[in-house]
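Residue numbering for the sequence shown is 1 to 134, as defined by UniProt numbering.
Reading through the structure tokens given below for one structure.
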Amino acid sequence: MLILIVEDDPIIGCASAAELEEAGHEVMGPAISAAEADEIVARRRPDLALVDINLEYAGAGVALAWRLKDLGIACIFVSGQALEARRNCEAALGMLHKPFDPAVLGKTIPIADALKNGRAPNRPLPPGLELFAA
């Protein structure tokens with residue numbers, strides 16, 4: 001699966017990319033801003049985006065998730081901003097709560113893939129993953 005990572009913390013972004021690549025996914029980014037993510041998506045559309053809510057300003061990730069949804073790109077919020085994520089639950093499939101174990105990403109991607117393709121996800125969910133659509 002082609003996955004866009006949008007994360008302004010370089011340690012989290014790099015660890016996430018490494019974990020996903022090790023699991024056999026192709027990674028775009030990590031983009032450190034919504035503007036950079038927009039540029040990446042203009043060149044090539046990912047299958048899924050993992051989006052931090054607070055990027056260059058509070059809520060920039062939410063606005064990005066809405067834009068990606070309009071393009072038909074599914075998102076998972078990766079953030080500690082649970083209330084903001086829930087207020088914008090229609091913009092994303094769910095949320096992976098920070099802090100998280102990077103190994104959880106490998107278990108999150110098949111669940112996101114099932115949801116975006118209209119299938120029921122496997123249960124139980126990995127720790128820290130909250131779904132908005134099930």
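Yeah, the Cβ is synthetic: ideal placement off N, Cα and C, and Gly gets one too.
Would you mind sorting residue i into buried or exposed? The rule is 16 or more other CB atoms within 10 Å of its CB.
i: Asp52; result: buried
i: Gly24; result: exposed
i: Ala18; result: exposed
Identify every residue that forms a DSSP beta bridge with residue i.
i: Val62; result: Partner(s): none; Val62 has no beta bridge.
i: Glu84; result: Note: Glu84 sits in no beta bridge, so no partner.
i: Ala49; result: Leu4 and Cys75
i: Glu130; result: Met95
i: Ala31; result: Val6
Going by C-alpha to C-alpha distance, which of the options sits closest to residue i?
i: Ile3; options: Lys98, Ile40, Arg87 and Ala120; result: Ile40
i: Asn54; options: Leu71, Ala74 and Val78; result: Val78
i: Ile76; options: Arg86, Phe100, Leu93 and Ile5; result: Leu93
i: Trp66; options: Val104, Ala82, Glu90 and Phe132; result: Glu90
Taking the C-alpha atoms as reference points, what is the distance between residue i and residue j?
i: Val27; j: Ala49; result: 10 angstroms
i: Asp70; j: Arg45; result: 12 angstroms
i: Arg87; j: Phe132; result: 11 angstroms
i: Phe100; j: Gly59; result: 20 angstroms
Determine whether the beta carbon atoms of residue i and residue j lie at a separation below 7 angstroms.
i: residue 135; j: Ile32; result: Within the shown structure, residues of the chain are numbered from 1 to 134, placing residue 135 beyond reach of any answer.
i: Ile111; j: Pro121; result: yes
i: Ala35; j: Pro102; result: no
i: Gly29; j: Ile5; result: yes
Using a Cβ-Cβ cut-off of 7 angstroms, state whether residue i counts as contacting chain C.
i: Ala34; result: Among the protein chains of the structure shown there is no chain C, as only one such chain exists.
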